[in-house]
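Chain order of the listed sequences is A, B and C.
First residue of the first sequence: 55, per the working numbering; consecutive thereafter.
First residue of the second sequence: 55, per the working numbering; consecutive thereafter.
First residue of the third sequence: 55, per the working numbering; consecutive thereafter.
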Amino acid sequence: MKMIVAVVQDKDSHRLSNALVDQEFRATKLASTGGFLRSGNTTFLIGVNDEDVDRVLEIIKNNCESREQLVAPVSPMGGNADAYVPYPVEVQVGGATVFILPVERFEQF
Amino acid sequence: MKMIVAVVQDKDSHRLSNALVDQEFRATKLASTGGFLRSGNTTFLIGVNDEDVDRVLEIIKNNCESREQLVAPVSPMGGNADAYVPYPVEVQVGGATVFILPVERFEQF
Amino acid sequence: MKMIVAVVQDKDSHRLSNALVDQEFRATKLASTGGFLRSGNTTFLIGVNDEDVDRVLEIIKNNCESREQLVAPVSPMGGNADAYVPYPVEVQVGGATVFILPVERFEQF
Ligand code: NI
Ligand code: NI
Ligand code: NI
């Protein structure tokens, strides 16, 4: 058995949860911040049998992979107009940082 | 040394904390949601010496084991009266999902 | 690769974050409570190559080590005046509890 620790952006978290539930994998979600990814993120703990690790990694990749997105400009409310960009810009969103840890023993009560 | 990662229901969390403190085990609690257990849950990280693993598992079992509970019916406030059950029902509460991870090194500063 | 799990006091958390970023280590922070340390605390997850473990432990030690601090007395607002101490007292602050876990595999998407 392994414990998969996956840090993903909040915006992909709900979709990943649903995809895991659909395939009958069970995860615990921890609210987390900073570091591995730029914005707010969620840390998933997923307990899986050895033979399912690759399937879960595939699900994480499919739902969270880093990609570019066009973002419409936000008009600068009382902000510095100098920084205002009047056309959509491409930003990097998503991404997942994933650690696979060995589990010595597993119990359910 | 091992790290015990235990996901338990919020309703059992306070009792488990007290039981661990009573026996002089130290735990860190992380707010968590979803997945392993139906309702709101708490993830405990407990660092223990190898010889104490079974004692801590026993404490978790005694305080969090899955059990049935009678729940009084809630009158359907503006809800669908069809779903209303006018007598107490048994629901499953509690339960713990526990991973024991190997620890390579431990430091305190 | 290793996963360093470090539980530190909230008051040292921001400084540790900055020190890790300065040295280009990436961490995820989880809000946590109780147990290993007296007051509110933060759990850091830090993924590092084997050869960087000691450097990261040094950073944690430098920023979080347990130390004594003089605390000015707080006048007892409607509290029990018996417990009031009219001079600064030394309290223990800081401290870090650190687990180093083996990582079997690491992926980024
Ligand atoms: Ni939904
Ligand atoms: Ni109490
Ligand atoms: Ni700052």
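Virtual Cβ for every residue (Gly too), placed ideally from N, Cα, C.
Terminal residues of the continuous alpha helix (DSSP H) containing B:E112?
Its alpha helix (DSSP H) spans residues 107 to 118.
Can you tell me whether DSSP reads B:V75 as helix, strand or coil?
Helix.
Our contact map puts C:L124 next to C:V59 with C-beta atoms below 8 Å; I'd like the distance itself, whole angstroms only.
That belief does not hold up - the Cβ atoms of C:L124 and C:V59 are roughly 31 Å apart, past 8 Å.
Taking C:G149 as the query, report the chain B residues whose CB atoms sit under 9 Å from its CB, ordered along the chain.
Going along chain B in sequence order, the residues near C:G149 (Cβ under 9 Å) are Q162, F163.
So, with DSSP's three-state summary, where would you put A:R80?
In the structure shown, A:R80 sits in coil (DSSP, three-state: anything other than H, G, I, E or B).
In terms of alpha-carbon separation, which member of B:G149, B:G101, B:D64, B:E161 lies closest to B:L155?
Comparing Cα positions, the closest option is B:G101.
Exposed or buried, which one is C:A81 when buried takes at least 16 other CB atoms within 10 Å?
Classification for C:A81: buried.
Please name the residue in B:I114, B:Q63, B:V147 whose C-alpha comes closest to that of B:Q77.
With distances taken between Cα atoms, B:Q77 lies closest to B:I114.
Would you grab the beta carbon distance between B:N117 and B:L84 for me? Rounded to a whole angstrom, and I think it's under 8 Å.
Wrong, their Cβ atoms sit about 18 Å apart, outside the cutoff.
Return no unless some Cβ of chain C is closer than 8 Å to the Cβ of A:A126.
It does not; no Cβ of chain C falls within 8 Å.
What residue range does the beta strand (DSSP E) around A:E161 cover?
Segment 159 to 162, the beta strand (DSSP E) holding A:E161.
Who are A:G101's beta bridge partners in DSSP?
A:G101 is bridged to A:M57.
Please compile the residues from chain A whose C-beta is within a distance smaller than 7 Å of the C-beta of C:L155.
The contacting residues are L155.
So which of B:Q146, B:V147, B:P127 has the shortest CA-CA distance to B:P140?
That would be B:P127, whose Cα lies nearest to the Cα of B:P140.
Apart from the five residues on each side of it in sequence, which residues of its chain come closer than 6 Å, Cβ to Cβ, to B:T97?
Closer than 6 Å at Cβ, skipping near neighbours: V61, L84, S86.
Out of B:F160, B:P142, B:E119, B:Q162, point me to the one whose CA is closest to B:G149's CA.
Closest option to B:G149, Cα to Cα, is B:E119.
Which first and last residues belong to the beta strand (DSSP E) in which C:A150 is found?
Residues 150 to 156.
Suppose you measure from the CA of A:D106 to the CA of C:Q146; what does that come to, to the nearest Å?
Their backbone Cα atoms lie some 46 Å apart in a straight line.
List the residues of chain C that A:T97 touches, going by C-beta distances under 8 Å, in chain order.
The answer, in chain order, is T82, L84, L99.
Measure the beta-carbon distance from C:Q63 to C:N95 and round it to whole angstroms, keeping in mind my assumption that it falls under 8 Å.
Sure, about 5 Å apart at Cβ, within 8 Å.
For A:K56, which residues of its own chain have a beta-carbon under 7 Å away from its beta-carbon, when the five flanking residues on both sides are left out?
Only V102, D104, V107, I154, L155, P156, V157 meet the Cβ criterion.
Examine chain B for any beta-carbon lying closer than 8 Å to the beta-carbon of A:R159, and answer yes or no.
Taking Cβ atoms only, chain B reaches closer than 8 Å to A:R159, which makes this a yes.
Is there a C-beta anywhere in chain A that falls below 8 Å from the one on B:S71?
Not one chain A Cβ lies under 8 Å of B:S71.
In chain order, what residues of the same chain have a beta carbon less than 6 Å from the beta carbon of C:V75, not counting five sequence neighbours either side?
Here the set comprises nothing.
Listed from N- to C-terminal order along the chain, which residues in the stretch 99 to 122 of chain B have their beta-carbon within a distance smaller than 7 Å of any beta-carbon of chain A?
Cβ contacts with chain A: L111, I114, K115, C118, E119, S120.
Just how far apart, CA to CA, sit C:H164 and B:E144?
With chain C represented from 55 up to 163, any question about residue 164 of chain C goes unanswered, as that position is not in the structure.
Listing by chain order, which chain B residues have their CB less than 9 Å from the CB of C:V152?
In chain order: R159, F160, E161, Q162, F163.
Can you say whether B:F163 is buried or exposed, counting buried as having 16 or more other CB atoms within 10 angstroms of its CB?
Under this definition B:F163 is a buried residue.
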